[in-house]
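I have placed the structure first, in the form of structure tokens, so that the comments after it can refer back to it.
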Amino acid sequence: MTDKNTRNEKMEAIVSLAKRRGFIYPGSDVYGGLSGTWDYGPLGVTLKRNIMQLWWKMFVQDREDMYGIDAAILMNQKVWKASGHVDTFTDPLVEDLETHMRYRADHLVKDAGFAADGLTMGELNELIIEKEIKSPDGNDLSDVRTFNMMFKTNVGPVDDELSVSYLRPETAQGIFTNYKNVLDSFYPDLPFGLAQQGKAFRNEISPRDFIFRSREFEQMEIEYFIDPATWEVEFEKWIALVHDWTDALGLPAESIHELEVEEADRAHYSKRTVDFEFDFPIGREELLGLAYRTDFDLGNISREAGKNMEYTVKGTNTKFVPHVIEPSFGVERALMAVLSAAYTEDEVNGEKRTYLKLPTHLAPVQYAVSPLLKNKPELVAKAREVYTILKKKYGNVMWDDNGNIGKRYRRQDEIGTPYCVVVDFETLEDNAVTIRERDTTDQKRVAISELG
Ligand code: ATP
């Protein structure tokens, strides 16, 4: 494992490349930024969509037991009271007594080299006092208090308690509130799942580490409804499916780690949670989570909304409230893992080269097409022909005729384009082009009719 400085250097290199080459920009940058928000540029939005579409295909389209939904972000405040978010969706906050900057107490404790997982507020407080933990500026800290991470807002023109709502801090509740709707429209057999992708918002005390901890991010979540008697078997199946997903992202198997979350650290409703961690350049951190949520959420809805959430086994009178297994995937963390795994430095012909070894199916540009010389109309015309063929077929194809060929290759390497196609004078004779492969830099001649 590399030391912290080398790791941070890699992170900085990725952040800088992401900005320079149009993947990810700091949010509201022209106005001085807005902490914890990020904007996706032309390449970033394509990479992000490729990841989200891959997920949708793998977990919704390719399966018979999965139903996709897209619920509203704003929900009735009763949802967040019943789910426990209003009372308990909190992080421990401390304040620097000099600068009044606020920090997550558990992060400061961890940064000081002590274990913080599962500690109560009181225990964190004691540890901070006992170990004389200071703020990053070296100042004394306030007592630890809880801070609710939901963004509060009012829906409608009246600003009172009844109009209070929240930007959803997870997509899961929009699934639970639609469980009965889908059950009544489609009569699925158990087990079946509802899947949703979309924005989630958390007022993180200290957003950090690029897009890893943002205040606005996207989740891809599944609530998989099961017969409680089968939960152990179903949970194991989901562990295997999560590994299929990280493989499909091109993440090396040895960089994925399963962390069995101890009872003290689990949400109170969870009987088993496995966090899947990834070796990010910032260290080993949570990529996604898998939890057995029992009937906690459907039970809450039955109780608080007075609606029957039971499932009737077809052809019988057997009824029960299904239990739930929830794989919860973060889009930003997937994207950051993909970029981290892809970022590579090597040497070509004695020169340092930086490239993104992105899997072809995720790369924002799959082919870059160029004429060998841009001032030769016959080459340009032929290259435009090739470009049009590939563009129609693949969509994510770029026209690139800037600078000399060597510079074009380097530019495309840096954004992870797997193939560069060059039209030269020979093409006019033999209707073949040169394809240059990103990882090996090998070049070969391919007939235009065989492209792709
Ligand atoms: P952490 O412990 O890192 O704060 P969490 O356990 O609170 O994460 P969950 O509530 O389980 O996260 O959310 C499910 C997934 O959503 C996470 O595994 C992660 O991929 C993503 N996620 C959660 N919070 C953020 C955030 N602030 N920024 C980006 N992604 C996030």
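When we follow the numbering used here, the leftmost residue of the sequence shown carries the number 43, and every step to the right adds one.
Cβ coordinates follow ideal geometry from the N, Cα and C atoms, glycine included.
Please tell me whether, using a cut-off of 7 Å, the distance from the CB of residue 254 to the nearest non-hydrogen atom of the ligand ATP is below it.
yes
Residues in the same chain with beta-carbon distance under 7 Å from residue 160, minus the five sequence neighbours each way, listed in chain order, please.
304, 306 and 307
Which value, in whole angstroms, describes the spacing of the CA atoms of residue 309 and residue 232?
25 Å
Comparing alpha-carbon positions, which option in 312, 359 and 292 lies nearest residue 9?
Outside the shown range of the chain, which is 43 to 494, sits residue 9, and nothing can be said about it.
By how many angstroms is the C-alpha of residue 241 removed from the C-alpha of residue 50?
28 Å
Please report how far the alpha carbon of residue 44 lies from the alpha carbon of residue 283, in whole angstroms.
Residue placement at residue 44 cannot be trusted, given a pLDDT of 44 that sits under 50; the coordinates are not used to answer.
Looking at the unbroken beta strand (DSSP E) that takes in residue 412, where does it start and where does it end?
409-413
Give the secondary structure of residue 248 by DSSP, where H, G and I count as helix, E and B as strand, and everything else as coil.
coil
Should residue 370 be counted as a contact of the ligand ATP given a C-beta to heavy atom distance under 7 Å?
yes
Nearest by alpha-carbon distance to residue 105: which of 315, 224, 236 and 367 is it?
236
Could one say the Cβ of residue 267 lies closer than 8 Å to chain D's Cβ atoms, at least one of them?
Any reference to chain D falls outside this structure, which holds one protein chain only.
Nearest residue (CA-CA) to residue 259, options 66, 125, 126 and 469:
66
Starting from the C-beta of residue 294, find all residues in its chain whose C-beta is less than 7 Å away, skip the five residues before and the five after it, and write them out in chain order.
383
On a Cα-Cα basis, can you pick out the residue from 444, 417, 420 and 413 that is closest to residue 429?
Put simply, of 444, 417, 420 and 413 the residue whose alpha carbon is nearest the alpha carbon of residue 429 is 413.
Whether residue 248 touches residue 149 by CB criterion (8 Å):
Going by C-beta atoms, residue 248 is nearer than 8 Å to residue 149.
Taking 7 Å as the cut-off, is the CB of residue 331 close to at least one heavy atom of the ligand ATP?
yes
Got a sec: does the ligand ATP put a non-hydrogen atom nearer than 7 Å to the Cβ of residue 328?
Yes, the Cβ of residue 328 comes within 7 Å of a heavy atom of the ligand ATP.
Got a sec? Which residues, its chain only, sit under 7 Å from residue 319 by beta carbon, not counting five neighbours each side?
Shown here for residue 319: same chain residues with a beta carbon closer than 7 Å to its own, the five before and five after excluded, namely 299, 301, 326, 327, 328 and 329 in chain order.
Using 7 Å as the cut-off, classify the Cβ of residue 259 as near or not near the heavy atoms of the ligand ATP, replying yes or no.
yes
Does the beta-carbon distance from residue 176 to residue 156 come in below 8 Å?
If you check the CB distance, residue 176 and residue 156 do not come in under 8 Å.
Out of curiosity, what's the CA-to-CA distance linking residue 289 and residue 206?
42 Å
I'd like to confirm something about residue 300: is its beta-carbon nearer than 7 Å to some heavy atom of the ligand ATP, or not?
no
Threshold first: 4 residues or longer. Then list the alpha helix (DSSP H) segments lying entirely within the stretch 401-465, N to C.
Taking only runs of at least 4 residues, the alpha helix (DSSP H) segments lying wholly in the stretch 401-465 are 419-436 and 447-457.
Identity of the residues DSSP links to residue 190 by a beta bridge
132
Measuring CB to CB, does residue 125 end up less than 8 Å from residue 263?
no
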